[in-house]
Structure formats: C-alpha cells, structure tokens
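For the sequence shown, our numbering assigns the number 152 to the last residue and increments by one with no breaks. Every residue gets a Cβ at the ideal spot worked out from N, C-alpha and C, and that includes glycine.
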Amino acid sequence: MPVPLGKLVLFTSVMTSGGCALVYYLVQKTFSRASYYQLALEQLHSHSEALEALGTPLNIHYLQLTDKYNFVDIADAQLKIPVSGCRSAGHLYVISSRDAPFNRWHLQEVFLELKDGQQIPMFKLREENGDEVNKE
C-alpha cells in the first residue's frame, strides 16, 4: 500500500527537524565538556569582581554556534560564552591553546565584557616566560 505524499513529507520534515535539534544539542554538550570551556568557567566562578558585576545566580547560556568569534581547531580555541546574572549580562571571552594535539589546554586570556561595554580582565598568560597572571 503506497504512503500518501503528504504523510511522507510530514514524516520526513519531523525526522529532519528532530535530527537537527539532536545535533545542535550534542555540539553544545561537547563544547561544555571541553577543558578550555571548563577552565574559563572556573576563572569566572573564582573572580569576585565579575560575580559582583553579574549578580547571582549566575547563568551560563548556549554558545552562538554561528558567531564567527567561536573557533576551535587542533591547537587553538577561542570562545565567546554568553553569561548573565540578576544584575547584568555579557560574554565571557576565552582564548586557549595547547602545544600538541593530545596535550592539555592552557588558558591564554579570559575576560568578561558586560552589555554596557565594561571589560573585566580575569586571566592573562604572560608571553615572555609563560607565567600565569590572575587579575582580581
């Protein structure tokens, strides 16, 4: 018995939409589990000035996958993570790198940019000797 064209189109579009939503969810989950992402959130949670500016509770939102700032390859990662609190909202900018494909990620720079344009530096790695500089 042949399937009517309308049902076939409906079934195909539902399956395609569901598949796209699943891929989107899995990509977001992969980013949120990555060490460069987790290291940046640790910096945010331990930085009192940033927490005070945003307010609690702190909300971490999904990445905008179409944003050209978000970039990850085998040795470098650059993210713009949307964050908000009860007082303000903004983006947590993260730059990380690693020496070889299976080595650990190391933060290069982390800063928070609030919606009003204020920037709060949280972490910057000094280039000349590789020392970490936490800014509080």
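If residue i sits next to residue j, beta carbons under 8 Å apart, how far is it from one beta carbon to the other, in whole angstroms?
i           : j           : result
residue 108 : residue 56  : 6 Å
residue 65  : residue 136 : 6 Å
residue 133 : residue 103 : The pair is not a contact, with the Cβ atoms about 15 Å apart (cut-off 8 Å).
residue 141 : residue 123 : 7 Å
residue 83  : residue 113 : Not quite, the Cβ-Cβ distance comes to about 20 Å (not below 8 Å), so this is no contact.
residue 60  : residue 128 : 7 Å
Quick one, which of the options has its alpha-carbon nearest residue i's?
i           : options         : result
residue 42  : 79, 96, 62      : 79
residue 53  : 140, 18, 121    : 121
residue 139 : 74, 77, 63      : 63
residue 47  : 24, 76, 36      : 76
residue 99  : 88, 69, 112, 30 : 69
residue 110 : 118, 125, 119   : 125
residue 106 : 30, 74, 89      : 74
Per DSSP, residue i forms a beta bridge with which residues?
i           : result
residue 26  : Paired residues: none, contrary to the question.
residue 90  : DSSP, once it has assigned bridges, lists no residue as partnering residue 90.
residue 98  : 107
residue 112 : 93, 123
residue 129 : 107, 135
7 Å is my cut-off, CB to CB: does residue i come that close to chain E?
i          : result
residue 17 : Any reference to chain E falls outside this structure, which holds one protein chain only.
Buried or exposed: residue i, going by 16 or more other Cβ atoms within 10 Å of its Cβ?
i           : result
residue 152 : At residue 152 the pLDDT is 48, less than 50, meaning the model places this residue with poor confidence; the figure from the coordinates comes in the next sentence. It is exposed - the Cβ of residue 152 has fewer than 16 other Cβ atoms within 10 Å.
residue 19  : exposed
residue 35  : exposed
residue 39  : exposed
residue 37  : exposed
residue 116 : exposed
residue 81  : exposed
residue 97  : buried
Report the residue ranges of all alpha helix (DSSP H) runs contained in full by the region 37-96; include only those spanning at least 4 residues, in chain order. Whole alpha helix (DSSP H) segments, 4+ residues: 51-61, 64-70.
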